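Q: Got a structure for you, written out below as structure tokens; questions coming shortly.
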Amino acid sequence: MTPFGPIQRDPEGRLRHFLSIEGLDRALLTRILDLAEGFAGVGERLIKKVPLCRGHTVANLFFETSTRTRTTFELAAKRLSADVLNLNIGASATAKGETLLDTLRNLEAMQCDLFVVRHQASGTAHFLAQHSAPGVRIVNAGDGRHAHPTQAMLDMFTIRRHRGGFADLRVAIVGDILHSRVARSQIHALNVLGAREVRVVGPRTLIPTEAAAALGVRVFHDLAAGLDGVDVVIMLRLQRERMAGALLPSEREYYQRWGLTPERLAAVGEGALVMHPGPINRGVEMASEVADGPQSVILEQVRLGIAVRMAVIALLLGYDEAGP
Ligand code: CP
């Protein structure tokens, strides 16, 4: 059991915080995916709303930039009929030196029930969960290089919808594994859900080999070999903002060696899914023809992220049995 296991559950074993896939079991991940399946239908209705979380308040605390995660959490909470508070960090008292804990305490005093937290420092959501008031829930929306568990769950949901399950799946995660919280969470989720094979593919400078081995994934430093025979290709963004030194020659050379081009995808096969958590660097990790092509499910990932985040919010606020 990792340090994240115990704090994520209450004494009765129910999910209290959602901080990391580590420490969670297959039954719980499957429960989230099943709940998301029910919530996906809400988005197809004329009135995209259910009353499950009426009277609850969800606060979005994004200390780092976001397009997809922040807005889909907001939509998810609104579709559950919760009230939503989007704290503008740049215009908040954080700019005057208020500590993270004081910000949490003040928003708790306003009776917020659930906090969605993104922060550049690994461990921030865990820290807030340790210091949150009883009854308050914390969701990690991405912390440094550590974890992005709802992104991994929406990726699993997308895969399950297309492939039905995980047992026969070979999945390649390609690119900047070293700086990627998404890759870490995806690997844990794929392992817990029983994927047949998980590969990480990329330059030696961007793959932490020992950590990858500890997670039970196969490491490839050749793109064609890494993609051979896979069912799902997950491309990752080069995380330039997290690179301390010169780990790569240039983006042009990176694309030449590691970019997913139509020709390279054709060699993988027509049946392979192409995924990317976003934001995409077109012409760096993948060609536009691939990103916008028939095998790409990138925008579907974004749409399904609303249902997955509805599932996580509903589960944390105690609406597991009610369903959508
Ligand atoms: N995938 C993802 O986390 O995107 P954002 O940074 O836009 O939220």
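Just so you know, the sequence shown maps onto residues 1163 to 1486 in the numbering used here. Every residue, glycine too, gets a C-beta built ideally from N, C-alpha and C. Just so you know, these numbers come straight off a predicted model, no measurement behind them.
Out of Q1457, R1419 and L1177, which one is the CA nearest neighbour of G1297?
A: For G1297, the nearest C-alpha among the options comes from L1177.
Q: With a 10 Å radius around its C-beta and 16 neighbouring C-beta atoms as the bar for buried, classify V1470 as buried or exposed.
A: Counting Cβ neighbours within 10 Å, V1470 comes out buried, since at least 16 surround it.
Q: What span of residues does the beta strand (DSSP E) with L1435 cover, start to end?
A: Run containing L1435: L1435 to M1437, per the beta strand (DSSP E) assignment.
Q: Among A1244, D1245 and G1259, which residue has its Cα nearest to the Cα of I1251?
A: Checked all of A1244, D1245 and G1259; the closest Cα to I1251 is G1259.
Q: In whole angstroms, what is the alpha-carbon distance linking M1472 and S1243?
A: Distance between the alpha carbons of M1472 and S1243: 10 angstroms.
Q: Going by DSSP, what residue range makes up the beta strand (DSSP E) through L1223?
A: Residues T1219 to F1224.
Q: Tell me whether G1203 counts as near ligand 1, meaning its Cβ is closer than 7 angstroms to at least one heavy atom of that ligand.
A: No.
Q: Looking at the secondary structure, which residues open and close the beta strand (DSSP E) in which R1332 lies?
A: Taken as a continuous stretch (DSSP letters only), the beta strand (DSSP E) holding R1332 covers R1332 to V1336.
Q: Hey, out of Y1481, V1394, L1316 and E1413, whose CA is closest to E1432's CA?
A: Minimum Cα distance to E1432 is reached at V1394.
Q: In terms of alpha-carbon separation, which member of G1356, V1474, G1285 and V1436 lies closest to A1329?
A: Ranking G1356, V1474, G1285 and V1436 by Cα distance to A1329 puts G1356 first.
Q: Roughly how far, in whole angstroms, is the beta-carbon of R1241 from the beta-carbon of V1220, given that I think they are within contact range, below 8 angstroms?
A: About 11 angstroms; that fails the 8 angstroms criterion.
Q: Would you tell me roughly how many angstroms separate the C-alpha atoms of A1351 and A1255, rounded to the nearest one?
A: Going by the C-alpha atoms only, they are around 36 angstroms apart.
Q: Going straight from the alpha carbon of L1214 to that of L1190, what length do you get?
A: Distance between the alpha carbons of L1214 and L1190: 20 angstroms.
Q: Please list, in chain order, all residues of the same chain as P1424 whose beta carbon is under 8 angstroms from its beta carbon, the five residues on each side excluded.
A: Once the five neighbours on either side are set aside, the close Cβ partners of P1424 are A1449, E1451, V1452 and G1455.
Q: Is R1402 buried or exposed, if buried means 16 or more other CB atoms sit within 10 Å of its CB?
A: Its Cβ having fewer than 16 others within 10 Å, R1402 is exposed.
Q: So A1314 and I1396 are supposed to be a Cβ contact under 8 angstroms. How far apart are they, rounded?
A: The pair is not a contact, with the Cβ atoms about 10 angstroms apart (cut-off 8 angstroms).
Q: Find out if the Cβ-Cβ distance for the pair P1439, V1344 is shorter than 8 angstroms.
A: Yes, the pair counts as a contact, with Cβ atoms nearer than the cut-off.
Q: In three-state terms, what does DSSP make of A1329?
A: A1329 falls in the coil class under three-state DSSP.
Q: What separation, rounded to the nearest whole angstrom, lies between the Cα atoms of P1168 and N1443?
A: So the two alpha carbons sit approximately 37 angstroms from each other.
Q: Is there at least one non-hydrogen atom of ligand 1 closer than 7 angstroms to the beta-carbon of H1488?
A: In the structure displayed, the chain extends from 1163 to 1486; residue 1488 sits before or after that span and is not available.
Q: Does the distance between the C-beta of G1440 and the nearest non-hydrogen atom of ligand 1 fall short of 7 angstroms?
A: Checking the Cβ of G1440 against ligand 1 gives yes.
Q: Among all the DSSP beta bridges, which residues are the ones paired with M1448?
A: DSSP lists L1422 and R1444 as partners of M1448.
Q: Could you give the first and the last residue of the continuous beta strand (DSSP E) run that contains E1174?
A: Taken as a continuous stretch (DSSP letters only), E1174 belongs to no beta strand (DSSP E), as it is neither H nor E.
Q: Where does the unbroken beta strand (DSSP E) through E1359 begin, and where does it stop?
A: Taken as a continuous stretch (DSSP letters only), the beta strand (DSSP E) holding E1359 covers E1359 to V1363.
Q: Cβ of Q1401 within 7 angstroms of any heavy atom in ligand 1?
A: The answer is no for Q1401.
Q: May I ask you to list the residues that DSSP assigns as paired with N1248?
A: BP columns for N1248 point to N1222.
Q: Using a 10 Å radius around the Cβ and a threshold of 16 neighbouring Cβ atoms, would you call P1411 buried or exposed?
A: Burial call: exposed.
Q: How far does the beta strand (DSSP E) with V1394 in it reach, from first residue to last?
A: Note, V1394: beta strand (DSSP E), V1394 to M1397.
Q: DSSP on H1179, reduced to helix/strand/coil?
A: Correct three-state label for H1179: coil.
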